[in-house]
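So the sequence shown is residues 2 to 343, counted in our numbering. First comes the structure, then the notes that go with it.
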Amino acid sequence: MNLARWIGIAAMLVSTLASATTGSEPLQNVQHRPWRPNAPGVEVPLWPKDLAIAQPPYPAPEVFGAANGTIAGKPIQIVEHVTRPTMAIYPAKGVNTGAALLVFPGGGYRILAIDLEGTEICDWATSKGITCAVLKYRVPGSGPYWNEECNCRRAPKEPMALQDAQRAMGLLRQRAAEFHFDSHKVGVVGFSAGGRMVADISNHSARAYKPIDEADRLPSRPDFAMALYPGHLWSGKGAAIPLTKEVTIDPHGPPTFIAQAGNDGTDDTRESLTYYLALQQAKVPAELHLYAEGGHAFGVRETDKPITHWTTLAEAWMCGLGVLPSESASCKGGLYAGHQSS
Numbered sequence: 002m003n004l005a006r007w008i009g010i011a012a013m014l015v016s017t018l019a020s021a022t023t024g025s026e027p028l029q030n031v032q033h034r035p036w037r038p039n040a041p042g043v044e045v046p047l048w049p050k051d052l053a054i055a056q057p058p059y060p061a062p063e064v065f066g067a068a069n070g071t072i073a074g075k076p077i078q079i080v081e082h083v084t085r086p087t088m089a090i091y092p093a094k095g096v097n098t099g100a101a102l103l104v105f106p107g108g109g110y111r112i113l114a115i116d117l118e119g120t121e122i123c124d125w126a127t128s129k130g131i132t133c134a135v136l137k138y139r140v141p142g143s144g145p146y147w148n149e150e151c152n153c154r155r156a157p158k159e160p161m162a163l164q165d166a167q168r169a170m171g172l173l174r175q176r177a178a179e180f181h182f183d184s185h186k187v188g189v190v191g192f193s194a195g196g197r198m199v200a201d202i203s204n205h206s207a208r209a210y211k212p213i214d215e216a217d218r219l220p221s222r223p224d225f226a227m228a229l230y231p232g233h234l235w236s237g238k239g240a241a242i243p244l245t246k247e248v249t250i251d252p253h254g255p256p257t258f259i260a261q262a263g264n265d266g267t268d269d270t271r272e273s274l275t276y277y278l279a280l281q282q283a284k285v286p287a288e289l290h291l292y293a294e295g296g297h298a299f300g301v302r303e304t305d306k307p308i309t310h311w312t313t314l315a316e317a318w319m320c321g322l323g324v325l326p327s328e329s330a331s332c333k334g335g336l337y338a339g340h341q342s343s
């Protein structure tokens, strides 16, 4: 099945996007070429050209375009059929905090919401003095996904999404001096399926592939992690909230921030709850925020819902961890400053 017809299923990213995109309607303004970052983004190929890597099912040339609808009044740019993954690094703006963030866009492991849950996240992060990188990882079928043909859940033979995430983390840390950040203050943030990637990279210290160069000698586990409306974590059985058996919590995992809306029509809030409770049981520092409203796939786009301010809470959390320095604008003028003075 052509992935262009999967968009209706993949659009279960969000109830809003689902109503805006159907399996019979292709992307709008399709660009028949690989997506590349605009300046000042620096594109970094993840794997050497001569290295054979696992390929996603349903191979086709990479394309990108707009979905048939909007979120918060703006279009959504979608990338399909990624076979040669890359990372786009954006330098910090203003006063550099010395922190860095690797972003995992969502898309059900079928597509990538490359702006809503990618470049726009870096717009926020870089404005706070954080170096930011967007991972364009392999899709479709690079992680656990719902397969329409068998009407069942499938996992790839090779964990391609995790491999790409781990490889990107090593390459990002390798360029710490170039982009002026501390290689020990590198975090991840993921959305929907990207939230599952956050769990995977946080709890797998060993590489999911055979190391190939010096970048793979650097740690692949992040120093801090954020999962927004994560999916593929709850086993989905009954009223209980067991964590999927595919994820085993490592007690040495990074401090984790989780946020989700109670009316999320795509991923049940038990996805966040089960991960939070599993982290708590393993004594991994974790912070959970559940909002009444907000739906799914809100990214950092401004709405009239309180959940639109999750970034303020995330900044205060990073201040508390020491990821952001106390003299930074986020720590001096945000929620963290108010907490410190009370």
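Think of the CB as a built atom: it goes at the ideal place given N, C-alpha and C, for glycine as much as any other residue. Owing to the predicted nature of the structure, the values given are computational and were not obtained by experimental measurement.
For the candidate residues the options, whose alpha-carbon lies nearest to that of residue i?
i	options	result
I79	L117, T87 and R85	L117
Y146	Q29, A200, A194 and V45	A194
E121	A156, P46 and V301	V301
A156	R176, R34, W125 and T245	T245
A207	R111, A315, R176 and M170	M170
T267	H33, W235, C320 and L172	W235
I54	K211, Q261, G323 and G74	K211
P38	Q56, C133, G74 and K50	C133
F225	D51, Q56, V324 and P76	V324
A283	D269, N204 and T309	N204
P57	K158, R34 and V104	K158
M227	D251, A315, L52 and P106	A315
I242	L274, R34 and L28	L274
A209	Q175, R168, R174 and R34	R168
Just how far apart, CA to CA, sit residue i and residue j?
i	j	result
G295	E215	42 Å
E272	E303	24 Å
G144	A100	28 Å
V43	H253	32 Å
L229	G108	13 Å
F192	A200	11 Å
F265	G334	Sequence check: residue 265 is Asp here, not Phe. The straight-line gap from Cα to Cα measures roughly 31 Å.
I259	T313	13 Å
R154	C332	43 Å
I202	W311	22 Å
E26	N69	For E26, the predicted model reports a pLDDT of 49, less than 50, meaning its position is unreliable and no value from the coordinates is stated.
G263	Y110	23 Å
T23	W125	For T23, the pLDDT reaches just 30, beneath the cut-off of 50, and the residue's location in the model is therefore unreliable, although a value from the coordinates is still provided. Cα to Cα, the separation comes out at about 30 Å.
Q261	E247	22 Å
Q32	P76	15 Å
P307	A40	32 Å
D305	A166	33 Å
A178	I131	14 Å
F105	G188	11 Å
A293	K50	47 Å
D251	N30	44 Å
G142	S128	33 Å
F180	M319	20 Å
M198	D269	17 Å
R34	T309	33 Å
T249	G74	39 Å
Run through the DSSP bridge pairs and tell me what residue i is partnered with.
i	result
M88	V45 and L136
C123	Note: C123 sits in no beta bridge, so no partner.
G191	F105 and A228
R155	Y146
W345	No information on residue 345 is available, as it lies outside the stretch 2 to 343 that the chain covers here.
V80	F65 and L113
A260	L229 and H290
L244	W235
T71	P76
Q29	A67
Assuming the contact rule is C-beta atoms closer than 8 Å, residue i and residue j should be a hit. Round their C-beta distance to whole Å, please.
i	j	result
L163	M88	At roughly 15 Å, the Cβ-Cβ gap does not stay under 8 Å, so L163 and M88 are not in contact.
I72	A298	6 Å
A317	L336	4 Å
L102	V45	Not really, about 15 Å apart at Cβ, beyond 8 Å.
G196	G232	6 Å
P60	Y138	With 8 Å as the limit, P60 and Y138 do not qualify as a contact, their Cβ atoms being about 16 Å apart.
E140	L172	The amino acid at residue 140 is misidentified as Glu; the sequence shows Val. Actually they are not in contact, since the Cβ atoms of V140 and L172 sit about 19 Å apart, beyond 8 Å.
P256	L322	6 Å
T48	I115	The question names Thr, but residue 48 is Trp in the sequence shown. The pair is not a contact, with the Cβ atoms about 19 Å apart (cut-off 8 Å).
L28	I213	The Cβ separation is near 34 Å, so there is no contact.
Can you determine whether any heavy atom of the ligand ADP sits closer than 8 Å to the C-beta of residue i, and answer yes or no?
i	result
A283	This structure lacks the ligand ADP, and indeed carries no ligand of any kind.
(request) Specify whether the region 82-96 and the region 52-64 touch according to this definition: at least 3 beta carbon pairs, one from each stretch, less than 8 Å apart. (result) yes
(request) Evaluate the contact criterion for the region 316-328 versus the region 139-158: three or more CB pairs, one atom per stretch, below 8 Å. (result) no
(message) Does the structure place the region 180-193 close enough to the region 212-232 that three or more beta carbon pairs sit under 8 Å?
(response) yes
(message) Below 8 Å, how does it come out for the region 276-287 and the region 91-99: are there three or more Cβ pairs, yes or no?
(response) no
(message) Counting beta carbon pairs with one atom in the region 281-292 and one in the region 159-173, are three or more of them shorter than 8 Å?
(response) no
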